Each structure stands twice: as C-alpha cells, then as structure tokens.
Amino acid sequence: MVVQENMSIQKKLEILSDAAKYDVACTSSGVDRKGKGTGMGNSIAAGICHSFSADGRCISLLKVLFTNECIFDCKYCINRSSNDVVRTSFTPQEICELTMEFYRRNYIEGLFLSSGILVSPNHTMELILQALRLLREVHHFNGYIHCKAIPGADPEIIEMLGWYADRMSVNLELPTAESLKELAPHKSRKNILQPIRQIQLRRESNKNYLGFPDRMSKAKKLITGEEDHDIKEIITNNTSLAPYQKNSLMKRSFVPAGQSTQMIIGATKESDYQIMSVSQALYDNFDLKRVFYSAFMNVNHDNRLPATVEGPPLLREHRLYQADWLLRFYGFNTKELLDEKHPNFNVLLDPKCDWALRHLEQFPVEVNKADYYSLLRVPGIGTNSAQRIVAARKSAVLSFSDLKRMGIVLKRAVYFITCSGAMMYSIKVDENFITRQLLSIKDRLPFGIEHDITYQQLTLFDDAKFLQDEFTNKYTCHELEQKSAMKIANI
Amino acid sequence: MDVKRIFFCDNSIDGIFTAIYLAWSSRYGHANIKLEEMCEQCNYSNMELFSEYIKVDTDFTKAIMVSQTIKKKISEEAYQMVCRVALSDYYGKADLIYRFLILGFHVGEKVLDHLSDEVVGKVYSVNKNVNNEVHHLLGFVRFSEQNQGLLVSAIHPKNNVLSLITPHFADRLPEERFIIYDENRNTAALHMPGKQWILAEVGELDINKFKEFSTEEDEYRDLWKIFFEHIAIKERINPKLQCNNLPLRFRGYMTEFSIKNE
Chain A
2 MVVQENMSIQ KKLEILSDAA KYDVACTSSG VDRKGKGTGM GNSIAAGICH SFSADGRCIS
62 LLKVLFTNEC IFDCKYCINR SSNDVVRTSF TPQEICELTM EFYRRNYIEG LFLSSGILVS
122 PNHTMELILQ ALRLLREVHH FNGYIHCKAI PGADPEIIEM LGWYADRMSV NLELPTAESL
182 KELAPHKSRK NILQPIRQIQ LRRESNKNYL GFPDRMSKAK KLITGEEDHD IKEIITNNTS
242 LAPYQKNSLM KRSFVPAGQS TQMIIGATKE SDYQIMSVSQ ALYDNFDLKR VFYSAFMNVN
302 HDNRLPATVE GPPLLREHRL YQADWLLRFY GFNTKELLDE KHPNFNVLLD PKCDWALRHL
362 EQFPVEVNKA DYYSLLRVPG IGTNSAQRIV AARKSAVLSF SDLKRMGIVL KRAVYFITCS
422 GAMMYSIKVD ENFITRQLLS IKDRLPFGIE HDITYQQLTL FDDAKFLQDE FTNKYTCHEL
482 EQKSAMKIAN I
Chain B
241 MDVKRIFFCD NSIDGIFTAI YLAWSSRYGH ANIKLEEMCE QCNYSNMELF SEYIKVDTDF
301 TKAIMVSQTI KKKISEEAYQ MVCRVALSDY YGKADLIYRF LILGFHVGEK VLDHLSDEVV
361 GKVYSVNKNV NNEVHHLLGF VRFSEQNQGL LVSAIHPKNN VLSLITPHFA DRLPEERFII
421 YDENRNTAAL HMPGKQWILA EVGELDINKF KEFSTEEDEY RDLWKIFFEH IAIKERINPK
481 LQCNNLPLRF RGYMTEFSIK NE
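Quick note, the sequences are listed as chains A and B, same order.
Just so you know, we're using the working numbering here: the first sequence kicks off at 2 and counts up by one.
Just so you know, we're using the working numbering here: the second sequence kicks off at 241 and counts up by one.
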C-alpha cells in the first residue's frame, strides 16, 4: 500500500473526492434550521443543489472520504485493501478549513463525510467525530452535515456522532445477507442493521423528550420483513439505548434529518422484487428517510463480478427509484407492483403504468369525485397534480380543458380518467389498446438513459424485423397480436 | 363604448399597488380599466388607440393600504404570491394582479383554490417561475473574497429576485460583509455583521473593481474546481442532464465553469 506523507491539500482533495464519488446520497434535505445570528450556516428542509457535475448529478455537499485507506476487502469497492492505489487521509483541521471556506463562498450546503476503515471501525469513527466536533464547536458551523456510521463501531461512538450530524447513513451495500457474504466478507448484515436500529430508537426517544412524538412511530408497526431473518431479529430484539447522555449545553437534536442507506444494484443476482421488498422493510421497520440505489460499475475490473462494458444499468436504477417514490409518496406496496411471477420491472413502461394496466378494473377514475389516493394511482398524475385537482374541484366542476390549464399532463392520464362521467376521447378500456398507446408515448427518461443498452429494446421492439427474428419461432404474427404487448415486453 | 383607461405605473411592488388603489377607487368599472407597468417590453411606442393613459405616481401610503387589505381580506399567502408576481418579468403582471384581486376580494382566502380559473392559474405559474429562479440562485450564487474579507457576488436573474434571496444569505452568513449585485437592474444587496441588510440602487457599479481577490481566494477557487472535476463519474457523463439541471445562463458567474486563471 502506497501511503504518501506530506501530500498537498490539492492532491488529497483529488484522491479523496475521486474515491467518494460512488456514494449516491448527496442530498441536503430533511431539516429546517434558522441561522443563529453568530457563526455560520443554516439549513433548508427542501435541500439546495449548488452545482451539477458532468454526470448530471447534484452537488450539494462537500462529499469526501476522510481516508481511502481501508482494512476491508469488499470486491466491488475501489478502495478495497487489495487494490494498488495511492492512499491518503485528511486531518480533521483540513476537513474543517475546506468546509468553512467552501461554505462561505456558497459552493456547498455542508459536509458529507464518509471514510475507508483505518486501523479499526472505532478508530475511524473517532477521527470523524473529531472533525465534526471541531466544525460544530470551534468553527460554529451550523450548516448541514451528513456522516456515515461505520458498521462494527461501538454504539457509544455512533451515539456521540449523532448529536453532531444532521443525517447519518449506514450502507446496506447489497440487498441480501448471502450477497454480502460473497462480496464483502468483512461485513455482516447484522452489524449493518444494528446501528440503523440504534439511531432509529434514539431519534424516537429524543423526539418524545422534546415533546414531538412522531406520528409514524406511535402507529403499531407492521413487520414487513417477516421472511427476512436479520431484519426480524433486529426489530424484535429489545435493543436498549446506548448509555451515552448528551451534554446539556448541546442544543441540538439527534440526527434531525433522519437516516438513509444505499444498495448496489446489478452486482449480484437479486431480482427487483427482492430489492424492493428490502426497501419496503427498511421504510416500514426502521423509519428510513431514503433508500438509494447505485447502478453497479465494475470499477476494479474484477472478473468475479458482472462486467459493465455497456455502462452501468441506469435504466434499472431509474425504475427502482420510480418504484421507491411509489412506496413513499403514492401509498403503494411492493407486493402490488411485483411478485414472484413478475419479479422484475417492465423495461418499456414505468412501474405505475405497468400496475395500472394490470388493474384496469379500477379505472377509469372520475376526476371530480375520486379521493386523493385513487387520483394518485392514475398514471401521469403525481402528488402535485392530485393536490391541485382536490383543491380546484371545491369551487368548480372540472373539465379536461380545466385540467390542461392547471398544468396537468394528460398524455398518460387520458386513458384512465373521466371528467363528469365522460372520457376525453372514446377510448376502449382494453389492455392491449392502452398498452399500445402508452408505448407510443416516448417515456420521459432522464437524458442519457436512452443510450442504455436495455432501453434499445424499445426501438427494436417497434421494428418488424425484430419481431420476425426473435419471435417467429414461438408465435405467428397473428398470435403475437393476440398476446398483449406487455407480456412480450416482460419476456 | 367607454374609453379604456390605462393606468401606467412604475415597475415595482409599490408602483403596482398604487395603481391598483387608484384604479379601484376610480369607479370606472373593472372592464374599462387596464393596468400597465413600465418596462422594456412596454414603452410609449406601442400605446393603445382610443384609450386614456393615466400616469401613476408611486405613493407609499396607498401601496401600504393595498398590501394590508390583501393580507386582511385574502391571506398572507396570497399576499406573498402577489408580491412575487410583482417582482417577476412577466409582461402584464400589473393587470394580472388586478384581475386576481378582483376575484380575491370577492371570494376571500379560497381564491387560491380556484386553480381552474385562468387568472389564478396564471398567478400560480408566474409565481412558480419566480420561486424556481430563487431556489436556483440560493445554490448557484458564488461569492469571491476580496482583500479585506468582503464577499462579492454578481448575478443576472430574469426576475427581480434580489430581495427574495438576500434574507437567506443574511441568515446564513451573519458575521460576513457581503454584496450581491444584480447586473441587469443595477441594484445591490449589502450586508454588514449585526445590521439589517439593505437594498441599494448603485447605478453603473464597476464590477471590475472587485477583482482584487484575497491571497487565499485563488487557492480555494482551484480547490473547488478540482473537487468539481473529480466528483463526476466518468462512466455516467451526461451533458444533457447537466444542462437540464443547471441551465447555461447561470454558468457565467459560477466559479467551477470559469476559465482557469493564468
């Protein structure tokens, strides 16, 4: 391992931001905090993006590793101990200077501090804690801080960090315990879930202490991860709070912006159904704010892992995020979207369209009468549109032209709604017909995904040649028409 | 047919509110009244025929009365929306606000639910446009440090958002002296530690005067550029997505897109 002493701060920043770029959770949202009148910093619940890097991702926080030295050897990670890369570490002072000076110039919204594991999880966490303390207590930094909790560290240190950070995250890394064992032999799923549970419990007790009992935590929780033994065990065990008591002078609440986690997608063989079930269990049982999905890239060119020559599976990542939104804001459940028979998302249609086409008996929905949650289930109607409809129909009976004027996009919704009992055009509520119509709408994918190899199937699919080459063995053209286009897409 | 009366007012919240006061109290009938704000798109060269132009002199007492009435008869939220519309670059905003208030004073706070109404819908969309630009700028403003620790930033927003973004920075940087200069309107927001920030007409401010960077400034600019470059994942490079999220018009004054200093 090459460890260079006396490296310039420029070089360090180069190496340690390069090493941190695969972390996906660069958000600064979740906490509203006014400035204190002294020191520096405030925080806005919606989060603020300060720039967008060449890959189009938001830059909100100074996202760096404390060190890229690591004693672990996770196969997918660029910083694994068996890789021959230049290693370096920041000092807590350097982290503080960078954060303060960047923040003053409005380059960033705060700090995102992750780290490789130097010596031991505890040792690394202590270094991170030092940096955070320095920022908060010496520099009076009042902006956003997101830091990683390293699995395997003592609960006391995690507890202390939580009083300084706004958001904490523990990376789940891979959806199932088996994959984790295979690719990250030094990590165990229980070690990962334990700190998540610890942070969740402290957050709840702190909220109660402050007199803001969480509505969500009061409700009797459904254990959705029944079949997931690790989750079940962690949830049902009576974990006690870590004994650390906070300094009464510290006027901060515990991890006020909540916690998030991330999973690598496409490195192992899990289906979308398995992944979404894990997400659902995490949201339901651990009160997570976000689960992030990171399309796998074989950065180490390790031949034990899938090759990603055609680029990372961006479309799959996109579909998972779409479904993730459906879980969090649209009242959907993983079991509605996928099941053992359809374990993966449709390549050609977004998860909501896909669901709606399989549940045509629930449509069309009457815009002037349907409740908020039924409106939310209409493809093309999102939370904003649904709220607008609910507000606007108090004072008027809505027609299609009203909807258009209110900025509601009808190109998908038109097949699923009626206004005063009539649809916009005479539309046959028929799976094949609507599927064909929806497929002709160009799916609004984030720019760039159209180059993703999986998406190419859409253009091939429209091509008659594709049908002949691929399907003449199985179906005649006539039979093909009988089958719904959807099912073909699922093959 | 009655002669149309056009109230011609200053392009400011107070100017528009004064015109609303005068137009309302004139009792000419709403249908015969039009409000027009003075701006680039509208100058004396395209005046309407067969109408009487009434020049409105901004009167702060009248403007305050209008704003109080809006808060009382409609709501605080509606008042804020109206103010943002008045700060927008939407041509015809004075008349839009007038039409909005006719409905608003009639139905009260419920007016914000009348989304299917054309006027209310337009108020919402203009309001959203202003809010979006404000939110963008909260992130995209870049300060550079001058010799004595003064932070300077220049912006050229479409809407007149200076008064909407400055409170955020005053709250965030209470111990800093900073200037945010709107190059399009020659106005600047000034902040001193421990004092209220102020908005000033600065005439032709020579922004080049503010190029005496402190010794550390160049170092941090370079560090930021290094970070910016290295945080991108090269397998996912996507200029279209970047452009969609960060439109080119903002990049002119952003450190990370400036050409490397010699």
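Built from N, CA and C at the ideal position, the CB exists for glycine as well.
All values derive from a computational prediction rather than experimental measurement.
Would you please state the rounded distance, in angstroms, between the beta carbons of residue i and residue j? I believe it to be under 8 Å.
i	j	result
Asn-43 (chain A)	Asn-143 (chain A)	6 Å
Val-325 (chain B)	Leu-341 (chain B)	Contact flag wrong, Cβ pair sits at about 11 Å.
Ser-315 (chain B)	Val-370 (chain B)	So it is not a contact: roughly 18 Å between Cβ atoms.
Glu-95 (chain A)	Ile-10 (chain A)	6 Å
Pro-407 (chain B)	Gly-38 (chain A)	Between Gly-38 (chain A) and Pro-407 (chain B) the Cβ distance is about 13 Å, and since that is not below 8 Å, they are no contact.
Ser-18 (chain A)	Ile-471 (chain B)	5 Å
Phe-103 (chain A)	Trp-464 (chain B)	6 Å
His-187 (chain A)	Phe-297 (chain A)	Actually they are not in contact, since the Cβ atoms of His-187 (chain A) and Phe-297 (chain A) sit about 19 Å apart, beyond 8 Å.
Val-243 (chain B)	Glu-292 (chain B)	5 Å
Going by other Cβ atoms of all chains shown within 10 Å of its Cβ, with 16 needed for buried, is residue i buried or exposed?
i	result
Gln-308 (chain B)	exposed
Thr-258 (chain B)	buried
Ala-440 (chain B)	exposed
Leu-289 (chain B)	exposed
Asp-285 (chain A)	buried
Arg-489 (chain B)	exposed
His-302 (chain A)	exposed
Ala-269 (chain B)	The question names Ala, yet the displayed sequence has Gly at residue 269 (chain B). Under this definition Gly-269 (chain B) is an exposed residue.
Ile-390 (chain A)	buried
His-396 (chain B)	exposed
Glu-179 (chain A)	exposed
Glu-317 (chain B)	exposed
Tyr-210 (chain A)	exposed
Gln-281 (chain A)	buried
Tyr-426 (chain A)	exposed
Ile-442 (chain A)	exposed
Glu-160 (chain A)	buried
Opposite residue i in the DSSP bridges: which residues?
i	result
Cys-148 (chain A)	A:Leu-114 and A:Met-169
Thr-419 (chain A)	A:Glu-367
Cys-249 (chain B)	B:Glu-277
Glu-292 (chain B)	B:Arg-245
Glu-98 (chain A)	Partner(s): none; Glu-98 (chain A) has no beta bridge.
Ala-429 (chain B)	B:Ile-420 and B:Leu-439
Ala-394 (chain B)	B:Tyr-421
Cys-59 (chain A)	A:Phe-53
Met-287 (chain B)	For Met-287 (chain B), which the question treats as bridged, DSSP gives no partner whatsoever.
Arg-34 (chain A)	A:Ser-44
Gln-386 (chain B)	B:Phe-453
Phe-142 (chain A)	A:Met-41
Glu-174 (chain A)	A:Met-264
Val-65 (chain A)	A:Leu-114
By Cβ distance below 7 Å, which residues in the same chain neighbour residue i in space, the five residues on each side in sequence not counted?
i	result
Ala-166 (chain A)	Leu-133, Ile-146, His-147, Cys-148 and Val-256
Ala-20 (chain A)	Leu-66, Asn-69, Ile-79 and Asn-80
Pro-176 (chain A)	Met-264, Glu-271, Gln-275, Ile-276 and Val-279
Arg-461 (chain B)	Thr-495
Val-430 (chain A)	Leu-361, Phe-364 and Pro-365
Asp-453 (chain A)	Legend: pLDDT at Asp-453 (chain A) = 45, less than 50; position of this residue unreliable, no value from coordinates given.
Val-398 (chain A)	Asn-369 and Ser-421
Met-432 (chain B)	Arg-417
Pro-352 (chain A)	Arg-320, Gln-323, Ala-324, Leu-327, Leu-338 and Phe-346
Met-321 (chain B)	Val-363 and Asn-367
To which residues of the same chain is residue i closer than 8 Å at the C-beta, ignoring the five residues directly before and after it?
i	result
Glu-456 (chain B)	Glu-385
Ala-465 (chain A)	Low per-residue confidence applies at Ala-465 (chain A): pLDDT is 35, beneath 50, and the placement is therefore not dependable, though the value from the model is reported in the following sentence. Answer for Ala-465 (chain A): no residue qualifies.
Quick one: residues in its chain with C-beta nearer than 6 Å to the C-beta of residue i, no 5 flanking neighbours on either side, listed in chain order?
i	result
Asp-155 (chain A)	Asn-123
Leu-343 (chain B)	Val-351
Lys-488 (chain A)	With a pLDDT of only 39 at Lys-488 (chain A), under 50, the local geometry of the prediction cannot be trusted, and no value is derived from it.
Leu-377 (chain A)	Tyr-331 and Ala-387
Gly-40 (chain A)	His-141 and Asn-143
Going by the C-beta, is residue i closer than 7 Å to any heavy atom of the ligand NAP?
i	result
Lys-64 (chain A)	With respect to the ligand NAP, the structure shown offers nothing to examine, as it has no ligands at all.
Ranges of the alpha helix (DSSP H) found wholly within the region 303 to 364 of chain B, counting only runs of at least 4
316 to 326 and 333 to 347
Beta strand (DSSP E) runs contained entirely in the region 259 to 344 of chain A, provided each spans 3 or more residues:
Listed in chain order, the complete beta strand (DSSP E) runs (minimum 3 residues) inside the region 259 to 344 of chain A are 260 to 266 and 291 to 296.
Please give the ranges of any alpha helix (DSSP H) in the region 345 to 419 of chain A, keeping only runs that are unbroken, at least 4 residues long and fully inside the region.
352 to 359, 373 to 377, 384 to 393, 401 to 406 and 411 to 414
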